[in-house]
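Colleague: Take a look at this one; I'll ask things after.
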Amino acid sequence: MRILVVEDERDLQEAIAEGLQYDGYAVDSCGDGNEAYELLYTENYDLAILDLNLPGMDGLEVLRKIRDEKPNLKVLILSARNQVADKVEGLDCGANDYLGKPFAFLELEARVRNLLRRNFSQQSAMLAFHEIRLDSSRRMAFAGEVPLPLTKKELSILEYLMMNQNRVVSQEELIEHVWDANADSFSGAIRVHISSLRKKLKNALGFDSIATKIGEGYFLIGCGDPNA
Ligand code: CA
């Protein structure tokens, strides 16, 4: 899952970005409204955390301009404007959630998880696909009851495949949603991570649970599926 943090207070921006990166998200950040609009327009983020008082362009203006272009983007407003009227205006502009400053990072994390789940069929922090389970909040995956020894990147790939189970996910889509802008997101790197994830799943489950559709991408299969 890929997140853009828009916040002009540098310390806060860094703290949020680092915290979310630690949680396993791909995170970009910026501190200017115009830059935020450019990034949101050109990149495919799953979620934006949006401050309102920003240099360049006000956060609400950014939201108004981007809303029609990116209907699936989740937007969480994070603002010191805490009056009911401010919250109502933000939500009316198309924000999905509103958190006032100051805030507890634990609450921000919970709201981020909640918003990111809404696009997908799975509504709980525990994702499941046949014997594979993935706990999005504890950042751990299991084959049955056995913990899988996955790297952060492997866990993020598996999470994205589990959230999009029942369809093929292309390499480009994985790059857009699992890697941040600074990463070496060339397709060779993805293949290396997928191959390592596939081996670990196969060791635990006894069969290859990531299928490849040539020229299209990857999808999860369970034991006994016709493709397995
Ligand atoms: Ca601000």
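Residues in the sequence shown are numbered from 16 upward in steps of one, following this note's numbering.
Virtual Cβ for every residue (Gly too), placed ideally from N, Cα, C.
Computed from a predicted model, the values in this text were never measured in an experiment.
Quick check: what's the CA-CA separation for Val42 versus Pro164?
Modeller: For the purposes of this step, residue 42 is taken as residue 27 along the sequence shown, with counting starting at 1. For the purposes of this step, residue 164 is taken as residue 149 along the sequence shown, with counting starting at 1. Using only the alpha carbons, I get a separation of about 23 angstroms.
Colleague: Quick one: any contact between the region 94-102 and the region 119-127, if contact means 3 or more CB pairs under 8 angstroms?
Modeller: At 8 angstroms Cβ cutoff, the stretches do not touch.
Colleague: Whole-angstrom Cβ separation of Ala110 and Leu78, contact assumed at under 8 angstroms?
Modeller: Mapped onto the sequence shown, residue 110 falls at position 95. Mapped onto the sequence shown, residue 78 falls at position 63. Ala110 to Leu78, Cβ: 6 angstroms. Contact.
Colleague: Does the Cβ of Leu218 lie closer than 7 angstroms to at least one heavy atom of ligand 1?
Modeller: Translated into the one-based positions of the sequence shown, residue 218 becomes position 203. Reading off the sequence shown, one finds Asn at residue 218, where the question assumed Leu. No, Cβ of Asn218 sits at least 7 angstroms from all heavy atoms of ligand 1.
Colleague: If contacts are defined as beta-carbon pairs under 8 angstroms, then Leu216 and Ser224 qualify, I think. What distance do you get, rounded to the angstrom?
Modeller: Residue numbering aside, residue 216 sits at position 201 when the sequence shown is read from its first letter. Residue numbering aside, residue 224 sits at position 209 when the sequence shown is read from its first letter. About 5 angstroms; that satisfies the 8 angstroms criterion.
Colleague: Can you tell me where the alpha helix (DSSP H) holding Leu165 begins and where it ends?
Modeller: Walking along the sequence shown from the start, residue 165 turns up at place 150. No alpha helix (DSSP H) holds Leu165; DSSP gives it neither H nor E.
Colleague: Leaving out five residues before and five after Ser44 in sequence, what residues of the same chain have Cβ atoms less than 6 angstroms from its Cβ?
Modeller: Position 29 of the sequence shown, counted from the first residue, corresponds to residue 44. Within the same chain, Ser44 has close Cβ partners Val20, Gln28, Ala32.
Colleague: With distance defined between alpha-carbon atoms, name the residue in Cys108, Asp83, Glu84 nearest to Leu91.
Modeller: By 1-based counting over the sequence shown, the position of residue 91 is 76. Here the closest residue by C-alpha is Cys108.
Colleague: For Tyr233 versus Val193, is the C-beta spacing smaller than 8 angstroms?
Modeller: Position 218 of the sequence shown, counted from the first residue, corresponds to residue 233. Position 178 of the sequence shown, counted from the first residue, corresponds to residue 193. No, Cβ-Cβ distance for Tyr233 and Val193 is not below 8 angstroms.
Colleague: Straight-line CA distance for Phe222 to Asp47?
Modeller: Start at 1 with the first residue of the sequence shown, and residue 222 comes out as number 207. Start at 1 with the first residue of the sequence shown, and residue 47 comes out as number 32. Roughly 48 angstroms separates the two Cα atoms.
Colleague: Mind reading off the beta-carbon distance from Leu130 to Met177? Whole number of angstroms is fine, and I expect it under 8 angstroms.
Modeller: What you label residue 130 is simply residue 115 of the sequence shown in a count that begins at 1. What you label residue 177 is simply residue 162 of the sequence shown in a count that begins at 1. That belief does not hold up - the Cβ atoms of Leu130 and Met177 are roughly 17 angstroms apart, past 8 angstroms.
Colleague: For Cys45, which residues does DSSP report across the bridge?
Modeller: Position 30 of the sequence shown, counting from 1, holds the residue named residue 45. Per DSSP, Val21.
Colleague: Between which two residues does the beta strand (DSSP E) harbouring Asp112 extend?
Modeller: Along the sequence shown, read from residue 1 onward, the residue named residue 112 stands at position 97. Its beta strand (DSSP E) spans residues 112-115.
Colleague: Under 8 angstroms, do Ile18 and Leu55 count as touching if we go by C-beta distance?
Modeller: Along the sequence shown, one-based indexing puts residue 18 at 3. Along the sequence shown, one-based indexing puts residue 55 at 40. Not a contact, by the Cβ cut-off of 8 angstroms.
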